[in-house]
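Take a look at the structure below.
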Ligand code: NDP
């Protein structure tokens, strides 16, 4: 199936003229998206509970209202609060204030895709999910660059949901780069898979290398610097983004390229086992089993989560990292 990617020329910002957009939540994404939209000429009010983020929004010159009040005033609502608290906030403070023809925009498909929020049939419901951390959303806008987002219309009550969604994308500056169309379920599944299928597998490879080298007698601090603390890995990942996985190899020495290509073939037999495990993770996500475990049985999942985090901080790796980072004066060593 062909992928649709939207750019500035597909989006008409003037559709937002005369509309008020409520940005609910003034955190990572909320602050950046609100500032970008205001700079794009959009009328923005911020809805937030009364605390630090509320003060930050006021200091940035926004009109800040309680969440329900901001939603009542708005034609379009961008929900930019943590996904875990969103169903309750939506039910209690957002939904009762919306009327037919209003638009609700989610920055993550999770809650709608897995049935934790069921917006009223009279609403336009869209997805604008930046593939960029909040501060990057603002930096890109200020530097005149775009950033990618996954976007899609989940429900089109007015017949105009797509045009309104694209106008919002342009308002936050994302269509300068490119917005890839997809369903909320696909966005949520890809996002969760990156976290659960790719991240941990990559983490295991890293941990195996650390353990092997420490067991072979190399100092832990040197091992961590060699593998990732020097910043060389982060630099290579940036080059992969810029020029692609294959061409970035040209930035490494010929010894490095020869060794990596010839030895790389030895790992091919792991592919089957890896894909099988990743496939099982993907299936749990797509079937809703993961959402049921995490959001359906919150208390149980949180208890397990807290126990695992406590163990994580006791691992030898935690001390090796502190020691290496202290020695090399990298950031705050966390002690
Ligand atoms: P944050 O954790 O930064 O959101 C914080 C905001 O939510 C603050 O304004 C906070 O208010 C408010 N908030 C927290 N708890 C509550 C509550 N119980 N009731 C009302 N408001 C509350 O969120 P993000 O910006 O990280 O995420 C927002 C959305 O964007 C999510 O859907 C996420 O999946 C999505 N997203 C996030 C990305 C990221 O880089 N972080 C990337 C792409 C999408 P206060 O601080 O005042 O308590």
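Numbering (the working numbering), first residue to last: 2 to 336. Ideal Cβ placement from N, Cα and C applies to all residues, glycine included.
Asked, Found
"Length of the line joining the Cα atoms of residue 48 and residue 299", "26 Å"
"Cβ neighbours of residue 331 in the same chain (closer than 7 Å, five flanking residues each side left out)", "230"
"Exposure label - residue 272; buried when at least 16 CB within 10 Å", "exposed"
"Contact check, residue 1 vs residue 27, beta carbons under 8 Å", "A query on residue 1 cannot be resolved here, the shown segment of the chain reaching from 2 to 336 and no further."
"Option in 95, 75 and 37 with minimal Cα separation from residue 82", "95"
"Exposure of residue 1, with buried meaning 16 or more beta-carbon neighbours within 10 Å", "Shown here, the chain extends from 2 to 336; a query on residue 1 therefore has no answer."
"The stretch 185-192 touching the stretch 108-117, judged by at least three CB pairs closer than 8 Å", "yes"
"Inter-residue spacing [alpha-carbon to alpha-carbon] between residue 205 and residue 211", "10 Å"
"With 16 other Cβ atoms within 10 Å as the buried cut-off, status of residue 87", "buried"
"Cβ-heavy atom distance, residue 155 to the ligand NDP, below 7 Å", "no"
"DSSP three-state assignment for residue 374, whether helix, strand or coil", "Only positions 2 to 336 of the chain appear in this structure, which leaves residue 374 out of reach."
"Same chain only: Cβ atoms within 8 Å of residue 341, ignoring 5 sequence neighbours per side", "Examination of residue 341 is not possible in this model, given that the chain is present from 2 through 336 alone."
"Residue from 292, 199, 246 and 249 whose Cα sits closest to the Cα of residue 280", "199"
"Proximity below 8 Å, CB of residue 166 to CB of residue 152", "yes"
"Per-residue DSSP class, three states only, for residue 52", "coil"
"Backbone secondary structure at residue 150 - three-state DSSP", "strand"
"Exposure of residue 4, with buried meaning 16 or more beta-carbon neighbours within 10 Å", "exposed"
"Helix, strand or coil at residue 178 according to DSSP, with G and I counted as helix", "coil"
"Cβ-Cβ distance between residue 343 and residue 158 below 8 Å", "Since the first residue shown for the chain is 2 and the last is 336, residue 343 is missing from the structure and cannot be characterised."
"Beta-carbon separation (whole angstroms), residue 141 vs residue 154, contact threshold 8 Å", "Their Cβ separation, rounded to whole angstroms, is 24 Å, which puts residue 141 and residue 154 out of contact at 8 Å."
"Own chain, CB closer than 8 Å to residue 11, minus 5 neighbours either side, in chain order", "167 and 176"
"C-alpha gap between residue 119 and residue 125, whole angstroms", "12 Å"
"Beta-carbon separation (whole angstroms), residue 105 vs residue 30, contact threshold 8 Å", "The pair is not a contact, with the Cβ atoms about 15 Å apart (cut-off 8 Å)."
"Beta-carbon proximity of residue 322 to residue 225, cut-off 8 Å", "yes"
"6 Å Cβ shell around residue 183 - same chain, five flanking residues per side excluded", "151 and 153"
"Residue 221 in three-state terms, based on DSSP", "helix"
"Enclosing beta strand (DSSP E) for residue 263 [first to last residue]", "Residue 263 -> not in any beta strand (DSSP E); alpha helix (DSSP H) instead, spanning 255-265."
"Nearest residue (CA-CA) to residue 62, options 314, 32, 50 and 149", "32"
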